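The sequence shown maps to residues -18 to -1, 1 to 257 in mature numbering (1 follows the signal peptide of the UniProt record, and there is no 0).
From the three backbone atoms N, C-alpha and C, an ideal C-beta is built for every residue, glycine too.
Computed from a predicted structure; not experimentally measured.
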Amino acid sequence: MRALPASVLAVCGLIASACGGTGSGGAAAGQAAPATTAAQASPSSATAKQAPPEAKPLDGKVIVIDPGHNGANYRHPAEINRKVNVLTQWKACDTTGTSTNSGYSEAAFTWDVSQRMTKILERRGAEVKLTRTSNDGVGPCITQRAAIGNKAKADAAISVHADGAAPSGHGFHVIMPKKINGPVDKVVGASSKLGISVRDAFRKGTGLPYSTYIGRNALDYRSDLGGLNLSTVPKIFVECGNMRNAGEAAKFQDPKFRQKIALALANGLQHYLEA
Ligand SMILES: [Zn+2]
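The structure is reproduced here in structure tokens:
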């Protein structure tokens, strides 16, 4: 087991300050949240001097959302290709991600879905932190993306991606960490529970099938991803589908479908956190 040098974590904070957020929460967002009501007192009760604040299902929970890649990565290859230590190997600091054949980028997709998820989860009471602040910046490195979740002591963390596989392949899958004789080992079990919860909610909420080309029942376990290897909080990746598949590309380019994805992911996180 090798310890991660602090310097690796310190040099990756390349977050742009501009905010290009365009996500918009749909009216349907949040409808699936289980109703949790703290106050059962009759509204007509004269003794109820002050109503307690309405309890929300995710009150007190911290969720870190990592929108995969970043919109300007492709213009900064030297910064992005710099090698960082992910414990099992050295990997590029970040990658450009994929895109649909018509040019809709994975970075834009993950940013939009993450913005939508944030709105839904905050309405349900969660404190949400993102690993980047816009889709026109560079990075941060995968080491930093993990460090943000760790520092926040997140109850759950999710890295949002979409795949760039052979066009005939389709469907979604969830990636969970494996034991690597490292700090992630202690959250491998919890991450697996989180992954199954998100898998089930994603299937139900989006109607997309399990991946036809990777994993088993949409579940995959890997020890080569820095974002997972370096996590000390329960964390998963979701590959929402294959951007190179025509059917899924069309869905991902539809804002209504992205809202569906965001809602499904939020529900999966909530089910895990309430279990
Ligand atoms: Zn990706």
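Endpoints, alpha helix (DSSP H) assigned at residue i
{"i": "Asp94", "result": "Glu88 to Arg105"}
{"i": "Ala33", "result": "Note, Ala33: premise wrong, no alpha helix (DSSP H); not H, not E."}
{"i": "Asn211", "result": "Gly208 to Asn211"}
{"i": "Asn249", "result": "Pro237 to Glu256"}
{"i": "Ala177", "result": "It should be pointed out that residue 177 corresponds to Gly in this sequence rather than to Ala. From DSSP, the alpha helix (DSSP H) with Gly177 extends over Val170 to Thr188."}
{"i": "Asn63", "result": "Pro59 to Asn63"}
{"i": "residue 279", "result": "A question about residue 279 goes unanswered here, because the residues of the chain that appear run from -18 up to 257."}
{"i": "Ile124", "result": "Ile124 to Lys133"}
{"i": "Lys233", "result": "Ala228 to Phe234"}
Residue i, enclosing beta strand (DSSP E) - first and last residue
{"i": "Tyr203", "result": "Leu201 to Arg204"}
{"i": "Ala74", "result": "Trp72 to Ala74"}
{"i": "Lys111", "result": "Glu109 to Leu112"}
{"i": "Val44", "result": "Val44 to Pro49"}
Any non-hydrogen atom of ligand 1 within 6 Å of residue i CB
{"i": "Glu88", "result": "yes"}
{"i": "Gly151", "result": "no"}
{"i": "Gly208", "result": "no"}
{"i": "Gly53", "result": "no"}
{"i": "His58", "result": "no"}
{"i": "His155", "result": "no"}
{"i": "Gly50", "result": "yes"}
{"i": "His253", "result": "no"}
Nearest-angstrom Cβ-Cβ length linking residue i and residue j, presumed shorter than 8 Å
{"i": "His155", "j": "Glu230", "result": "Contact doesn't hold; Cβ gap of about 12 Å is too wide."}
{"i": "Leu112", "j": "Ala138", "result": "So it is not a contact: roughly 14 Å between Cβ atoms."}
{"i": "Ala248", "j": "Ile102", "result": "4 Å"}
{"i": "Ala128", "j": "Gly208", "result": "6 Å"}
{"i": "Ser141", "j": "Met158", "result": "So it is not a contact: roughly 11 Å between Cβ atoms."}
{"i": "Ile47", "j": "Met99", "result": "6 Å"}
{"i": "Val215", "j": "Gly131", "result": "5 Å"}
{"i": "Lys160", "j": "Arg204", "result": "7 Å"}
Residue i Cβ short of 6 Å to ligand 2 heavy atom set
{"i": "Gly79", "result": "This structure does not include ligand 2; its bound ligands are ligand 1."}
Exercise. Tell me, please, whether the segment 138 to 148 touches the segment 58 to 77 by the rule of three or more beta-carbon pairs shorter than 8 Å.
Key: They do not touch, by the three-pair rule.
Quiz item: Are at least three pairs of beta-carbons, each pair with one atom in the segment 218 to 232 and one in the segment 80 to 95, less than 8 Å apart?
Solution: Segments in contact, yes.
Exercise. Give a yes or no on contact between the segment 55 to 62 and the segment 31 to 38, applying the rule of three or more CB pairs nearer than 8 Å.
Key: Under the Cβ criterion (8 Å, minimum of three pairs), the segment 55 to 62 does not count as touching the segment 31 to 38.
Quiz prompt | Runs of beta strand (DSSP E) lying entirely within the segment 139 to 164, each at least 3 residues, in chain order | solution = For secondary structure counted as the beta strand (DSSP E) over 3 or more consecutive residues, the segment 139 to 164 holds these complete runs in sequence order: 155 to 159.
Quiz item: Are three or more beta carbon pairs between the segment 90 to 97 and the segment 185 to 200 nearer than 8 Å?
Solution: Output reads no: the segment 185 to 200 does not touch the segment 90 to 97.
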